[in-house]
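A.B. asks: Shown below is the structure under consideration.
Number of protein chains: 2
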Amino acid sequence: MLDLPASGKKSRSEFIAEQLEEAVIKGAIPAGSRFDETSIAAQFGVSRTPVREALHILCGRGLAEREPYKGVVVTQISAQRIDEMFEAMAELEATCGRLSSHRMTMSERAALESMHREMNALAEEGDCVGYNEINTRFHDLLFQGSRNSDLIAAAQTLRLKLAPFRKYQLKDKGRLKRSCNEHQQIVDAILDQSPKAAENALRRHLVSAAQEVLLKRQRQEDEVAKATVLDKV
Amino acid sequence: MLDLPASGKKSRSEFIAEQLEEAVIKGAIPAGSRFDETSIAAQFGVSRTPVREALHILCGRGLAEREPYKGVVVTQISAQRIDEMFEAMAELEATCGRLSSHRMTMSERAALESMHREMNALAEEGDCVGYNEINTRFHDLLFQGSRNSDLIAAAQTLRLKLAPFRKYQLKDKGRLKRSCNEHQQIVDAILDQSPKAAENALRRHLVSAAQEVLLKRQRQEDEVAKATVLDKV
DNA sequence: TTTGACTAAATTATATACAAGCCCCGGTAT
DNA sequence: ATACCGGGGCTTGTATATAATTTAGTCAAA
Chain A
2 MLDLPASGKK SRSEFIAEQL EEAVIKGAIP AGSRFDETSI AAQFGVSRTP VREALHILCG
62 RGLAEREPYK GVVVTQISAQ RIDEMFEAMA ELEATCGRLS SHRMTMSERA ALESMHREMN
122 ALAEEGDCVG YNEINTRFHD LLFQGSRNSD LIAAAQTLRL KLAPFRKYQL KDKGRLKRSC
182 NEHQQIVDAI LDQSPKAAEN ALRRHLVSAA QEVLLKRQRQ EDEVAKATVL DKV
Chain B
2 MLDLPASGKK SRSEFIAEQL EEAVIKGAIP AGSRFDETSI AAQFGVSRTP VREALHILCG
62 RGLAEREPYK GVVVTQISAQ RIDEMFEAMA ELEATCGRLS SHRMTMSERA ALESMHREMN
122 ALAEEGDCVG YNEINTRFHD LLFQGSRNSD LIAAAQTLRL KLAPFRKYQL KDKGRLKRSC
182 NEHQQIVDAI LDQSPKAAEN ALRRHLVSAA QEVLLKRQRQ EDEVAKATVL DKV
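Same order as they appear, the protein sequences are chains A and B.
According to our numbering, the first sequence is numbered sequentially starting from 2.
According to our numbering, the second sequence is numbered sequentially starting from 2.
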């Protein structure tokens with residue numbers, strides 16, 4: 002039984018929703034598996050009511066799907082869907098970048114460059130965890146720079162849905178350095194206030210991120226398949 | 002007490018969510034007003050439970066917001082936010098149009114053109130209701146043509162949020178005809194498979210839609226303000 | 001052996017009961 | 001007169017009980 006919020010502002014439903022969301026994003030709850038209301042309620046030491054409300058929230062965010070009298074399952078996503086999601090993400094980020102290139106404040110531009118320098122250092126050290134953290138803030142700043150809450154919201158929604166697959170990415174030093182090079186193009190475009198260059202740089206960056214994820218995922222699935230066959234023999 | 006679904010597939014929560022959504026979109030429930038769980042439950046002749054679930058769904062779609070122990074209120078949207086929403090919508094539609102220009106099938110292109118011709122006729126007659134209906138399908142087809150479910154989802158989410166303001170638009174024959182002219186540019190671009198032209202045409206179309214909505218809204222608010230002042234005197 | 005209907009168990013959906021937090025309103029003191 | 005501070009009422013949040021629906025499993029008949 003997990004701890005409930007000491008006496009936080011949030012209701013239990015929201016707390017549970019956050020916990021479940023994190024579990025889905027981290028891959029702790031595999032895609033396609035069903036949420037059992039009773040057992041989740043037991044885990045958190047609450048009744049089924051707040052659990053149900055939490056599941057509604059997850060569905061709203063597209064992380065799970067609900068079918069009447071059948072339950073809520075973690076959204077299953079095919080390779081083709083991942084491809085689509087990256088394409089959409091690329092377009093959204095490209096749009097944000099284009100707008101950011103001439104809307105960001107001086108201090109935002111400076112922050113972007115400073116994060117980039119920091120990521121360069123982390124890439125050199127091969128610190129994937131640190132890199133990922135700054136990377137998230139880097140991209141988030143690009144969204145914010147667009148000065149459009151609806152674009153930001155759309156981008157973040159999609160980013161959330163892609164989160165479970167991010168684990169396949171940015172895990173080796175080689176990829177980190179390539180990512181840095183791509184970021185260099187983005188930073189340059191923003192500093193130059195060049196919308197077209199920013200748009201292009203972000204599209205390219207997302208293309209290579211997509212490739213990375215899809216290849217790694219494919220490789221892992223192949224291994225699983227091979228292992229399964231071996232088991233049967 | 003309203004009728005519940007005869008014996009439909011949907012659960013009561015979903016049914017209620019749809020009804021409330023429609024009410025919000027039509028403006029029957031003004032922005033900023035609070036949903037009273039008890040009275041809504043009474044109206045539909047159900048308990049509070051499905052009403053609460055419906056409200057969660059509304060919140061998920063961004064039509065309402067929840068604050069713990071205070072209730073759920075219809076999302077309040079300022080003129081500036083409307084402006085942002087139209088900007089985001091313009092970028093999303095432009096992106097969809099760009100992709101559609103070279104991804105649509107022949108029959109989709111034909112359908113687009115045929116809808117356009119039909120709208121031309123309706124504009125001539127001044128049939129606003131008919132025009133609006135086809136117009137929705139016209140834009141929806143443009144989304145679908147992008148072949149990207151995430152872009153489609155993002156576009157439709159935003160479209161839903163903009164829906165309450167659509168009532169300020171496409172109400173006089175003049176605007177209908179201008180809209181038609183803009184559609185002509187879009188259709189031409191799609192038929193020519195010209196991504197850049199499609200993108201531009203859609204941005205322009207959305208700019209003028211935004212202007213229409215914002216102007217009409219401003220005018221109406223001014224009238225309300227004037228009336229209020231007169232009341233006080 | 002397979003198909004089909006039917007029953008029972010499990011799970012979700014809804015209703016109802018209870019607890020907790022917010023808000024207004026009046027009282028009191030400065 | 002005004003600012004501060006409980007208390008009561010109302011609304012939301014949570015728990016539990018009941019109804020509706022699906023699914024799995026059994027047994028009979030083709």
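Positions of the beta carbon are idealized from the N, C-alpha and C atoms, including for glycine.
For residue 201(A), would you say it is in contact with chain B, using Cβ-to-Cβ distances shorter than 9 Å as the test?
C.D. replies: Answer no: the Cβ-Cβ gap between residue 201(A) and chain B never drops below 9 Å.
A.B. asks: Anyone know if the C-beta pair for residue 202(B) and residue 87(B) falls short of 9 Å?
C.D. replies: No; because the gap between Cβ atoms is not below 9 Å, this pair is not in contact.
A.B. asks: Which residue marks the beginning of the beta strand (DSSP E) containing residue 67(B), and which one marks its end?
C.D. replies: Segment 65-68, the beta strand (DSSP E) holding residue 67(B).
A.B. asks: Use the C-beta contact count for residue 34(B): other C-beta atoms within 10 angstroms, 16 or more gives buried, fewer gives exposed.
C.D. replies: By the 10 Å Cβ count, residue 34(B) comes out exposed.
A.B. asks: Does the region 77-95 of chain A come close enough to the region 162-176 of chain A to have 3 or more Cβ pairs within less than 8 Å?
C.D. replies: Yes, since at least three Cβ pairs between the region 77-95 of chain A and the region 162-176 of chain A fall closer than 8 Å, the two stretches touch.
A.B. asks: Could you list which residues in chain B have their beta carbon closer than 8 Å to that of residue 54(A), in chain order?
C.D. replies: Residues of chain B passing the Cβ test: 53, 54, 57.
A.B. asks: For residue 4(B), which residues in the same chain have their Cβ closer than 8 Å to its Cβ, ignoring the five residues on either side in sequence?
C.D. replies: With a pLDDT of only 47 at residue 4(B), under 50, the local geometry of the prediction cannot be trusted, and the value read off the model is given with reservation. For residue 4(B), where only same-chain residues beyond five positions count, there are no Cβ hits under 8 Å.
A.B. asks: Are the C-beta atoms of residue 63(B) and some chain A residue less than 9 Å apart?
C.D. replies: It does; some Cβ of chain A falls within 9 Å.
A.B. asks: From the DSSP output, read off the bridge partner residues of residue 36(B).
C.D. replies: Note: residue 36(B) sits in a beta bridge opposite 73(B).
A.B. asks: Could you confirm whether any beta carbon from chain B is found closer than 9 Å to the beta carbon of residue 141(A)?
C.D. replies: No, its Cβ sits nowhere closer than 9 Å to a Cβ of chain B.
A.B. asks: To the nearest angstrom, how far is it from the Cα of residue 81(A) to the Cα of residue 157(B)?
C.D. replies: Between residue 81(A) and residue 157(B), the C-alpha separation is close to 21 Å.
A.B. asks: To test your reading of the DSSP string, which unbroken alpha helix (DSSP H) runs of 4 or more residues are found completely within the region 114-168 of chain A?
C.D. replies: Complete alpha helix (DSSP H) runs here, min 4: 129-145, 150-167.
A.B. asks: Hey, how far is the Cα of residue 207(A) from the Cα of residue 48(A)?
C.D. replies: Cα to Cα, the separation comes out at about 43 Å.
A.B. asks: Buried or exposed: which applies to residue 199(A), given that a residue is buried once 16 or more other Cβ atoms fall within 10 Å of its Cβ?
C.D. replies: Residue 199(A) should be labelled buried.
A.B. asks: For residue 180(B), does the count of other Cβ atoms within 10 angstroms reach 16, so buried, or fall short, so exposed?
C.D. replies: Buried, because 16 or more other Cβ atoms sit within 10 Å of the Cβ of residue 180(B).
A.B. asks: If we count Cβ pairs, one from each stretch, closer than 8 Å, do we get three or more for the region 138-153 of chain B versus the region 100-116 of chain B?
C.D. replies: As far as the Cβ criterion goes, the region 138-153 of chain B touches the region 100-116 of chain B, which means the pair count is three or higher.
A.B. asks: Would DSSP call residue 217(B) helix, strand or coil?
C.D. replies: Looking at residue 217(B) - three-state DSSP - the assignment turns out to be helix.
A.B. asks: Helix, strand or coil: how does DSSP classify residue 29(A) here?
C.D. replies: Note: residue 29(A) maps to coil in three-state DSSP.
A.B. asks: Can you tell me whether DSSP reads residue 105(B) as helix, strand or coil?
C.D. replies: Reduced to three states, the DSSP call for residue 105(B) is coil.
A.B. asks: Specify the secondary structure class of residue 53(B) as computed by DSSP and reduced to three states.
C.D. replies: Reduced to three states, the DSSP call for residue 53(B) is helix.
A.B. asks: Just curious, the alpha helix (DSSP H) that residue 175(A) is in, first and last residue?
C.D. replies: Note, residue 175(A): alpha helix (DSSP H), 174-192.
A.B. asks: Taking Cβ to Cβ, would you say residue 161(B) is nearer than 9 Å to residue 26(B)?
C.D. replies: In this structure, residue 26(B) lies closer than 9 Å to residue 161(B) by Cβ.
A.B. asks: Quick one: which residues of the region 147-172 of chain B get their C-beta closer than 7 Å to a C-beta of chain A? List them in chain order.
C.D. replies: Within the region 147-172 of chain B, the residues whose Cβ lies closer than 7 Å to some Cβ of chain A are 149, 150, 151, 152, 155, 159, listed in chain order.
A.B. asks: Under 9 Å, Cβ to Cβ, is there at least one residue of chain B near residue 215(A)?
C.D. replies: For residue 215(A), the answer is no, since every Cβ of chain B falls outside 9 Å of its Cβ.
A.B. asks: Quick one: which residues of the region 68-86 of chain A get their C-beta closer than 7 Å to a C-beta of chain B? List them in chain order.
C.D. replies: The residues in question are 69, 85, 86.
A.B. asks: Buried or exposed for residue 127(B), going by 16 or more other Cβ atoms inside 10 Å?
C.D. replies: Residue 127(B) is exposed by the Cβ-count criterion.
A.B. asks: Expressed to the nearest angstrom, what Euclidean distance is found between the alpha-carbon atoms of residue 70(A) and residue 120(B)?
C.D. replies: Their Cα atoms are separated by approximately 43 Å.
A.B. asks: Can you find the residues in the same chain that come closer than 6 Å, C-beta to C-beta, to residue 178(B), ignoring five residues on each side of it along the sequence?
C.D. replies: Closer than 6 Å at Cβ, skipping near neighbours: 124.
A.B. asks: Using DSSP with H/G/I as helix, E/B as strand and the rest coil, what is residue 48(A)?
C.D. replies: Residue 48(A): coil per DSSP, three-state reduction.
A.B. asks: Any idea what DSSP makes of residue 12(B), helix, strand or coil?
C.D. replies: Reduced to three states, the DSSP call for residue 12(B) is coil.
A.B. asks: Roughly how many angstroms lie between the CA atoms of residue 51(B) and residue 105(A), to the nearest whole one?
C.D. replies: Cα to Cα, residue 51(B) sits roughly 45 Å from residue 105(A).
A.B. asks: As a quick exercise: from 55(A), 67(A), 76(A), 60(A), pick the residue whose alpha carbon is nearest that of residue 30(A).
C.D. replies: Of the listed residues, the one whose Cα sits closest to residue 30(A) is 76(A).
A.B. asks: If residue 97(B) sits next to residue 150(B), beta carbons under 8 Å apart, how far is it from one beta carbon to the other, in whole angstroms?
C.D. replies: The Cβ separation is near 12 Å, so there is no contact.
A.B. asks: Mind checking residue 175(B): buried by the 16 CB within 10 Å criterion, or exposed?
C.D. replies: Classification for residue 175(B): exposed.
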